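Per the UniProt record's numbering, residue 1 is the first one in the sequence shown, and the count goes up by one each step. Even glycine gets a Cβ: it sits at the ideal position worked out from N, Cα and C. Note that the structure is a prediction, hence the values are computed from the model and not measured.
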Amino acid sequence: MTALIVTANGLVGRERELTEPEHLALRSYGADSTFFHAIAQGRTEALSHNPDFGAFSSVARTKRDAIDAVFSISRLLTAQTLWSGHGHGWGVRGALEGAPANFVGLQYRYPGYISTSTDRSWCDAFLDKRNRSQSRPTMLEFRLPAGTPAIDMHDGGAQGEFEILLPRERLFSITDAKMLPGDLLQLVLEPGEASV
């Protein structure tokens, strides 16, 4: 068995060095993930007038496939708690209403990649910057076992934040939920049965 390459943050191991297309795809995602998310969410028509989006869409599948290839060789070395803050929580909880306990037992599957941080304070700052009245801010707390597919975004040129990217279309179960000051819903997610 070949030893894993431990990435810059020390939390992720890779089976091999990245190819140039993989590295460039991660840099593209790290620089601006807006178009990646627009495609994942099916919002392409709203951006069809944007010439930059037109250029991106012509190579989007290639970039997605390159990032997916990195997930096939990269995983968490130890169990981790990772955070993802959403000032505009509509994309996380949509129009769902109810007490936090009502979210427990639901499943969460985002069609795109999920940006997370090992440091909750980065996510809190992101929430503060993006939170607006009625924006339904949501904090996702991912509790992940060793071996979970993950990418250290230092491989994509990220600086400062210890950003870990999680794969698209992964199934998670909501195991706990609570409301925090500022109408902030915090959801605890663990891998769903299909993700183990």
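Consult DSSP for residue i and reduce its assignment to one of helix, strand or coil.
i      : result
His49  : coil
Leu24  : helix
Phe162 : coil
Val196 : Low local confidence applies: a pLDDT of 44 at Val196 is under 50, so the model's placement there is unreliable, and no value is given.
Thr148 : coil
Arg110 : Checking the sequence shown, residue 110 turns out to be Tyr, not Arg. DSSP places Tyr110 in coil when its eight states are reduced to three.
Val92  : helix
Ile67  : helix
Leu127 : helix
Asp183 : coil
Arg61  : helix
Asp176 : strand
Compare the C-alpha of residue i against each of the options and name the closest.
i      : options                      : result
Glu97  : Ile39, Ala177, Leu171        : Ala177
Val12  : Arg75, Leu144, Leu24         : Arg75
Ile151 : Phe56, Thr44, Gly54, Ala66   : Ala66
Ser117 : Trp83, Gly192, Pro191, Leu77 : Trp83
Tyr113 : Leu26, Thr7, Ala8, Gly10     : Leu26
Asn9   : Gly87, Asp119, Thr44         : Asp119
Taking buried to mean at least 16 other C-beta atoms within 10 Å of its own C-beta, is residue i buried or exposed?
i      : result
Ser121 : exposed
Pro145 : exposed
Arg93  : buried
Met179 : exposed
Ala101 : exposed
Asp155 : buried
Arg136 : buried
Gly147 : exposed
Val196 : With a pLDDT of 44 at Val196, under the threshold of 50, the predicted position of this residue should be treated as unreliable, and no value is reported.
Throw me the rounded Cβ distance for the residue i and residue j pair, which I believe falls under 8 Å.
i      : j     : result
Glu141 : Ala69 : Contact flag wrong, Cβ pair sits at about 28 Å.
Exercise. Does the region 48-61 come close enough to the region 102-121 that 3 or more CB-CB pairs lie under 8 Å?
Worked result: Pairwise C-beta distances place the region 102-121 out of contact with the region 48-61, as fewer than three of them are shorter than 8 Å.
Exercise. Do the region 33-42 and the region 59-70 touch if we need at least three Cβ pairs shorter than 8 Å?
Worked result: Cβ pair count under 8 Å is three or more, so yes.
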